[in-house]
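Data block below; observations after.
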Amino acid sequence: MGKRVNVTGIAVLVFFLLLSVLISIRLTGLGSHFPNPVGGFLQSVLSPLEKPILQLGNGIREHTKVIWDFQGVQLQNEALLKKVDQLTGDNLKLKEQVLAGMRFTELDQGQFRNPTLEKYEKVGASVINRNPTTWYRTLTLNRGSKDGVAANDPVIGALGLIGKVVSVSPTTSEVLLILDGEGQVSALVRSSAGNGTFGIVQGTYKRGSRLTPEGNLQMLLRREDNVNAGDLVLTAGVGGVYPKDVPIGKVVEIQLDPTGLLKTAFIEPLVNFDTLEEAYIVKMAGGK
Amino acid sequence: MRYVLIAVMFLLSLILPGTVFHFWSWSGIKPDLLMLLTIYIAMHHRLSSSVFWGLGAGLLEDLYLGRYIGMYTLTLAVVAFLSYWLAERWYRENFLLTTFMVFLVTAVGQILVAFLSLGAGLQWPLGDIARLVIGVSFYNAVMVPITYPLIHRSFLHGWLRYRPRYER
């Protein structure tokens with residue numbers, strides 16, 4: 001029992017079906033507004049399901065990223081490590097600067113107030129090198145002729161005298177410490193009674209005396225000079241290099257000379273030269 | 001139970017491509033699950049029911065997407081017809097053959113979608129169309145070994161089996 005197939009009817013049906021579909025597609029394209037309650041209902045029902053699935057997927061992807069994208073994560077890790085290094089460096093630099101600033105403030109508040117120093121312009125500097133040669137006890141500071149530093153400018157720290165500038169480059173200056181035997185300072189010992197005794201303080205660090213690398217200070221005095229251990233030694237201001245009344249050190253020991261004419265006062269400097277990081281250069285030579 | 005399961009599968013086919021397969025997409029290419037489901041259904045039904053399922057599934061997707069109403073309706077109807085026609089001639093127990101069939105039918109369906117889109121005024125370069133058609137067809141074919149054995153068995157012996165009224 002065969003069915004009769006109406007080919008024309010089917011063709012017409014298919015044609016109109018196609019036409020209506022094409023018209024429908026045309027009318028309901030992107031950006032068109034047409035009532036779609038079924039779609040709206042579907043969306044409202046399915047969206048609560050879709051959201052947690054997507055969130056779960058995102059979570060899984062984030063947590064298993066290292067498996068799927070090992071190379072990417074590795075590259076990212078390397079880049080981040082590099083960045084951490086860089087930032088750590090930056091951070092250290094900043095911290096150093098903050099600390100330096102704090103030290104300068106401390107320096108500025110001053111352990112000693114000196115009316116002679118007030119007259120001169122001072123420039124703060126950081127120690128960038130110590131003892132570049134073994135022959136002299138020197139420091140290199142990060143200020144030079146560009147900042148108005150000149151040779152023979154005295155250099156002082158928070159507690160007292162450090163030395164004097166011996167050579168200047170445009171951006172750095174080399175400071176000969178008072179510990180070095182080459183540098184001599186006209187000084188005065190102020191006893192507890194207030195009397196002053198003049199003399200010359202010199203470093204004990206001598207060229208070639210490699211066995212005693214730590215220099216110290218000594219001062220030759222006459223036997224009758226009234227100097228005792230514990231007395232403060234200050235600059236005398238004679239000689240034109242150092243300003244007056246800058247603390248140098250404290251007398252720790254007095255030894256009589258075998259000849260009986262002289263005695264030597266050993267002086268402990270107030271400044272700890274080993275941990276020195278900041279100093280003021282007093283523009284005396286340049287200011288003249 | 002059968003209709004509930006089919007409805008759930010339809011809904012999953014609508015949800016999964018945008019969610020789960022969003023993460024498993026392969027340079028933007030996702031499987032067309034609804035097309036895959038339509039092929040499976042058409043393979044296990046008579047011609048008229050196949051085409052009706054195709055029309056229904058297509059209309060559902062069109063309404064869900066909310067644009068170009070009729071595009072998927074027509075496409076999935078054609079896909080259903082083609083699947084039925086091929087399943088009649090090819091041995092549907094052969095999973096390898098089914099995989100190839102899915103690839104072929106999906107390709108035809110995607111080409112139809114592309115042509116209808118061009119007809120609707122979208123301007124896609126031919127290279128993109130070719131890439132998408134081959135990509136989606138391949139992805140759908142890859143889904144067959146994972147999904148088909150289960151669904152095929154269910155259609156034959158399980159919950160998806162069609163039981164005439166007198167049997168119920």
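The listed protein sequences derive, respectively, from chains A and B. Heads up: the first sequence runs through residues 1 to 288, numbered per our numbering. Heads up: the second sequence runs through residues 1 to 168, numbered per our numbering. Think of the CB as a built atom: it goes at the ideal place given N, C-alpha and C, for glycine as much as any other residue.
Exercise. Does the beta carbon of A/F15 sit closer than 9 Å to a beta carbon anywhere in chain B?
Worked result: Within the first sequence, numbered from 1, the residue matching residue 15 of chain A stands at position 15. No, because no Cβ of chain B sits closer than 9 Å to the Cβ of A/F15.
Exercise. If you count every other CB in all the chains shown that lies within 10 Å of the CB of A/K283, and 16 or more means buried, which is it?
Worked result: Your numbering for residue 283 of chain A matches position 283 in the first sequence. Counting of Cβ neighbours within 10 angstroms places A/K283 among the buried residues, the total reaching 16 or more.
Problem set entry | Nearest-angstrom Cβ-Cβ length linking A/R137 and A/N131, presumed shorter than 8 Å | Mapped onto the first sequence, residue 137 of chain A falls at position 137. Mapped onto the first sequence, residue 131 of chain A falls at position 131. Taking 8 Å as the upper bound for CB-CB distance, A/R137 and A/N131 are in contact here, some 6 Å apart.
Exercise. What does DSSP give as the partner residues of B/P24 in its beta bridges?
Worked result: For the purposes of this step, residue 24 of chain B is identified with residue 24 of the second sequence, where counting begins at 1. Looking at the sequence shown, residue 24 of chain B is not Pro but Trp. Here B/W24 is not bridged, per DSSP, to any residue.
For this session: Pull up the DSSP beta-bridge partners for A/F41, would you.
Result: The residue labelled residue 41 of chain A in the question sits at position 41 within the first sequence. Partner(s): none; A/F41 has no beta bridge.
Problem set entry | Residue range of the unbroken beta strand (DSSP E) whose run includes A/S169 | Residue numbering aside, residue 169 of chain A sits at position 169 when the first sequence is read from its first letter. Note, A/S169: premise wrong, no beta strand (DSSP E); not H, not E.
Exercise. Is there at least one non-hydrogen atom of the ligand SAM closer than 8 Å to the beta-carbon of A/L270?
Worked result: The ligand content of the structure shown is nil, which means the ligand SAM is not present either.
Problem set entry | Chain-ordered chain A contacts of B/G121 [CB-CB under 8 Å] | As a first step, residue 121 of chain B is located in the second sequence; it is residue number 121 there, counting from the start. Within 8 Å Cβ-Cβ: R26, G29.
For this session: Taking only the alpha-carbon atoms, compute the straight-line gap between A/S191 and A/F273 and give it to the nearest angstrom.
Result: Counting from 1 along the first sequence, the entry for residue 191 of chain A is found at position 191. Counting from 1 along the first sequence, the entry for residue 273 of chain A is found at position 273. Whole-angstrom Cα-Cα distance: 25 Å.
Exercise. Do the region 140–156 of chain A and the region 120–128 of chain A make contact, defined as three or more Cβ pairs closer than 8 Å?
Worked result: Proximity of the region 140–156 of chain A to the region 120–128 of chain A meets the contact definition, three or more beta-carbon pairs being nearer than 8 Å.
Exercise. If B/V102 sits next to B/I39, beta carbons under 8 Å apart, how far is it from one beta carbon to the other, in whole angstroms?
Worked result: On the second sequence, residue 102 of chain B is found 102 positions in, with the first residue counted as 1. On the second sequence, residue 39 of chain B is found 39 positions in, with the first residue counted as 1. The pair is a contact, with the Cβ atoms about 6 Å apart (cut-off 8 Å).
Problem set entry | Meets three-Cβ-pair contact criterion under 8 Å: the region 247–266 of chain A and the region 6–18 of chain A | Output reads no: the region 6–18 of chain A does not touch the region 247–266 of chain A.
Problem set entry | 8 Å Cβ shell around B/R68 - same chain, five flanking residues per side excluded | Taking the second sequence and counting its residues from 1, one reaches residue 68 of chain B at position 68. Residue identity check: residue 68 of chain B is Tyr in the sequence provided, not Arg. Excluding residues within five positions, the ones whose Cβ falls inside 8 Å are D62, L116, S117, A120.
Exercise. With a cut-off of 9 Å, does the C-beta of A/V127 fall near any C-beta of chain B?
Worked result: In the first sequence, the residue the question calls residue 127 of chain A occupies position 127. Cβ-Cβ to chain B under 9 Å: no for A/V127.
Exercise. So, helix, strand or coil for A/P247, using DSSP?
Worked result: For this step, residue 247 of chain A is matched to residue 247 along the first sequence. Correct three-state label for A/P247: strand.
Exercise. Expressed to the nearest angstrom, what Euclidean distance is found between the alpha-carbon atoms of B/L76 and A/I67?
Worked result: Along the second sequence, read from residue 1 onward, the residue named residue 76 of chain B stands at position 76. Along the first sequence, read from residue 1 onward, the residue named residue 67 of chain A stands at position 67. Within the model, the alpha-carbon separation for B/L76 versus A/I67 is close to 38 Å.
For this session: Could you tell me which of A/E253, A/P243, A/G239 sits nearest to A/L232, measuring between CA atoms?
Result: On the first sequence, residue 232 of chain A is found 232 positions in, with the first residue counted as 1. The shortest Cα separation from A/L232 among A/E253, A/P243, A/G239 belongs to A/E253.
Problem set entry | Assigned secondary structure, B/Q123 (DSSP; H/G/I helix, E/B strand, else coil) | As a first step, residue 123 of chain B is located in the second sequence; it is residue number 123 there, counting from the start. Residue state, collapsed to three classes: coil.
Exercise. Which same chain residues, not among the five before or five after A/A100, have their C-beta less than 8 Å away from its C-beta?
Worked result: Walking along the first sequence from the start, residue 100 of chain A turns up at place 100. The answer, listed in chain order, is S126, E277, E278.
For this session: Pull up the distance between the alpha-carbon of B/F52 and that of A/P37, whole angstroms please.
Result: Looking up residue 52 of chain B in the second sequence gives position 52. Looking up residue 37 of chain A in the first sequence gives position 37. Distance between the alpha carbons of B/F52 and A/P37: 21 Å.
For this session: Decide if A/Q55 is buried, meaning its Cβ has at least 16 other Cβ atoms within 10 Å, or exposed.
Result: For the purposes of this step, residue 55 of chain A is identified with residue 55 of the first sequence, where counting begins at 1. Counting C-beta atoms within 10 angstroms of its own C-beta, A/Q55 has fewer than 16 neighbours from the protein chains shown and is therefore classed as exposed.
For this session: Can you have a look at A/P291 and say buried or exposed, based on whether 16 or more other CB atoms are within 10 angstroms of its CB?
Result: Residue 291 of chain A lies beyond the range of chain A shown here (1 to 288); nothing can be said about it.
Problem set entry | For A/G260, the nearest candidate out of A/G183, A/R222, A/V241, A/P269 (CA to CA) | Within the first sequence, the letter at position 260 stands for residue 260 of chain A. Scanning A/G183, A/R222, A/V241, A/P269 for the CA closest to the CA of A/G260 turns up A/R222.
For this session: Use the C-beta contact count for B/R92: other C-beta atoms within 10 angstroms, 16 or more gives buried, fewer gives exposed.
Result: Taking the first residue of the second sequence as position 1, residue 92 of chain B is located at position 92. It is buried - the Cβ of B/R92 has at least 16 other Cβ atoms within 10 Å.
Exercise. Which ranges would you report for the beta strand (DSSP E) in the region 56–106 of chain A if only whole runs of at least 3 residues count?
Worked result: Listed in chain order, there is nothing to give.
Exercise. How many Å lie between A/L92 and A/V98 at the Cα?
Worked result: As a working mapping, residue 92 of chain A is identified with position 92 in the first sequence. As a working mapping, residue 98 of chain A is identified with position 98 in the first sequence. Their backbone Cα atoms lie some 10 Å apart in a straight line.
For this session: Please report how far the alpha carbon of A/S186 lies from the alpha carbon of A/V271, in whole angstroms.
Result: Along the first sequence, read from residue 1 onward, the residue named residue 186 of chain A stands at position 186. Along the first sequence, read from residue 1 onward, the residue named residue 271 of chain A stands at position 271. One C-alpha to the other measures close to 18 Å.
For this session: Would you verify that the beta carbon of A/A79 is, or is not, closer than 9 Å to some beta carbon of chain B?
Result: Residue numbering aside, residue 79 of chain A sits at position 79 when the first sequence is read from its first letter. Interface residue (Cβ-Cβ distance to chain B less than 9 Å): A/A79 is not classified as such.
Problem set entry | Nearest residue (CA-CA) to B/G70, options B/A57, B/L82, B/F81 | Counted from its first residue, the second sequence places residue 70 of chain B at position 70. With respect to the C-alpha of B/G70, the residue from B/A57, B/L82, B/F81 having the closest C-alpha is B/A57.
For this session: Flag this pair as yes or no: are the beta carbons of A/R61 and B/F21 separated by less than 9 Å?
Result: In the first sequence, residue 61 of chain A corresponds to position 61, counting from 1. In the second sequence, residue 21 of chain B corresponds to position 21, counting from 1. Contact: no.
Exercise. Got a sec, what are the start and stop residues for the beta strand (DSSP E) A/F198 sits in?
Worked result: Here residue 198 of chain A refers to the residue found at position 198 of the first sequence. In the DSSP assignment, A/F198 falls within the unbroken beta strand (DSSP E) covering 196–203.
Problem set entry | Closest Cα partner of A/V241 within the set A/N228, A/P269, A/I281 | Counted from its first residue, the first sequence places residue 241 of chain A at position 241. Nearest C-alpha to A/V241: A/I281.
For this session: Could you tell me which chain A residues have their CB closer than 8 Å to the CB of B/L76, listed as they occur along the chain?
Result: Looking up residue 76 of chain B in the second sequence gives position 76. Simply none; closest approach about 12 Å.
Problem set entry | Delimiting residues of the alpha helix (DSSP H) encompassing B/I39 | Position 39 of the second sequence, counted from the first residue, corresponds to residue 39 of chain B. Following the DSSP letters along the chain, one finds B/I39 inside the alpha helix (DSSP H) bounded by residues 33–43.
For this session: For B/I18, go through chain A and note every residue whose CB falls closer than 7 Å to its CB, in chain order.
Result: Numbered from 1 along the second sequence, position 18 holds the residue referred to as residue 18 of chain B. A small fix is needed here, since residue 18 of chain B is Gly in this sequence, not Ile. Within chain A, the residues near B/G18 are E50.
Exercise. Which whole-angstrom value is the C-beta distance of B/A141 and B/T99, which I expect to be below 8 Å?
Worked result: Numbered from 1 along the second sequence, position 141 holds the residue referred to as residue 141 of chain B. Numbered from 1 along the second sequence, position 99 holds the residue referred to as residue 99 of chain B. With a Cβ gap of about 5 Å, B/A141 and B/T99 count as contacting.
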